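If you read the sequence shown in our numbering, its first letter stands for residue 25, the second for the next number, and so on.
Written below as structure tokens is the structure these notes are about.
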Amino acid sequence: MARKLKLGVLVSGRGSNLQAIMDRCQAGKLDAEVAVVISNVATAQALERAQQVGIPTASFPRTQFSTREARDVEILRTLQQHQVDLVILAGYLGILSTDLVGAFRNRILNIHPSLLPAFGGPDRHGLRVHQAVLEYGAKVTGCTVQFVTEEVDAGPIIVQRAVPVMEDDTPDTLSARVLEQEHEAYSEAIQLFAKGRLSVEGRRVRILPPQ
Ligand code: GRF
């Protein structure tokens, strides 16, 4: 059997995307395994989720490092120690240093809860994204999985899923429906990567036919 893709998942909070990925790995639906979970928040619920199933974790709290670069040196070292092939940002609140992005060029994925390039950017995360969608009056939103580049929320797009906005939606109800799609979209993107079916051509990601 071919070696499974080793994932390093970066988290800051709840970890429902991490859970969805771990569950699908466990069920054999992904040709991947979570090798390590790393957080910049020591109390992140996501870390407990990983520990419960015996996955190694590491935490590098923001307060312990004077710069992002210094913290990312440790993150990079940890990813390399665990022989990570693909880095997954799953609710990771932090911008990666250029060194880390460069070390894993086209091997870092992020998920964002809107249809990028709409409602993205450094200040748009969590419920703020859905609040902005509702305030703007958009009729359709969704989620986007993309490769991470130096610019926040601007990397080549791998998978997007659309979610209609309902008349009576609140940021919470919209967030819940988008989250269901996030869990599907992230696994779809990871499996495409695992199968070698993603070809990055400038801004475009070409999905190659199954081999
Ligand atoms: C998700 O909505 C994701 O799109 C965004 O942060 C949230 C993380 O949720 N980047 P969870 O921690 O995976 O439950």
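Ideal placement from N, C-alpha and C gives every residue a C-beta, glycine not left out.
Quick caveat, the model's predicted, so the values are computed rather than measured.
Where residue i and residue j are concerned, what is the direct C-alpha to C-alpha distance, given to the nearest angstrom?
i: residue 199; j: residue 79; result: 28 Å
i: residue 172; j: residue 229; result: 13 Å
i: residue 194; j: residue 99; result: 36 Å
i: residue 36; j: residue 188; result: 28 Å
i: residue 108; j: residue 94; result: 20 Å
i: residue 136; j: residue 84; result: 23 Å
i: residue 180; j: residue 104; result: 24 Å
i: residue 68; j: residue 28; result: 27 Å
i: residue 157; j: residue 164; result: 9 Å
i: residue 87; j: residue 232; result: 43 Å
i: residue 192; j: residue 205; result: 19 Å
i: residue 223; j: residue 202; result: 26 Å
i: residue 43; j: residue 225; result: 31 Å
i: residue 46; j: residue 208; result: 13 Å
i: residue 144; j: residue 159; result: 15 Å
i: residue 89; j: residue 26; result: 39 Å
i: residue 58; j: residue 190; result: 35 Å
Name the DSSP beta bridge partners of residue i, please?
i: residue 165; result: 187
i: residue 171; result: 133
i: residue 56; result: 29
i: residue 228; result: 225
i: residue 110; result: 31
i: residue 156; result: Beta-bridge pairing links residue 156 to no other residue.
i: residue 82; result: 62
i: residue 181; result: 170
Could you pull out every residue in the same chain whose Cβ sits closer than 7 Å to the Cβ of residue i, ignoring the five residues on either side in sequence?
i: residue 102; result: 60, 62 and 82
i: residue 129; result: none
i: residue 66; result: 83 and 85
Can you give the beta carbon distance from residue i to residue j, rounded, assuming they're within the 8 Å contact cut?
i: residue 166; j: residue 186; result: 4 Å
i: residue 154; j: residue 117; result: At roughly 16 Å, the Cβ-Cβ gap does not stay under 8 Å, so residue 154 and residue 117 are not in contact.
i: residue 139; j: residue 184; result: 6 Å
i: residue 31; j: residue 51; result: About 15 Å separates the two Cβ atoms, so there is no contact after all.
i: residue 174; j: residue 125; result: 6 Å
Who are the Cβ neighbours of residue i in its own chain at under 8 Å, not counting the five residues just before and after it?
i: residue 48; result: 54 and 211
i: residue 119; result: 92, 146 and 176
i: residue 133; result: 110, 111, 112, 113, 169, 170, 171, 172, 182, 210, 213, 214 and 217
i: residue 220; result: 232 and 235
i: residue 141; result: 177 and 178
i: residue 151; result: 195, 196 and 199
i: residue 123; result: 93, 96, 97 and 100
If I measure Cβ to Cβ from residue i and keep anything under 6 Å in the same chain, skipping five residues before and after, which residues do I get?
i: residue 38; result: 69
i: residue 121; result: 92, 93 and 96
i: residue 34; result: 62, 113 and 116
i: residue 131; result: 110
Between residue i and chain C, is there a C-beta pair that is closer than 8 Å?
i: residue 148; result: The chain labelled as chain C is not found in the depicted structure, where only one protein chain is given.
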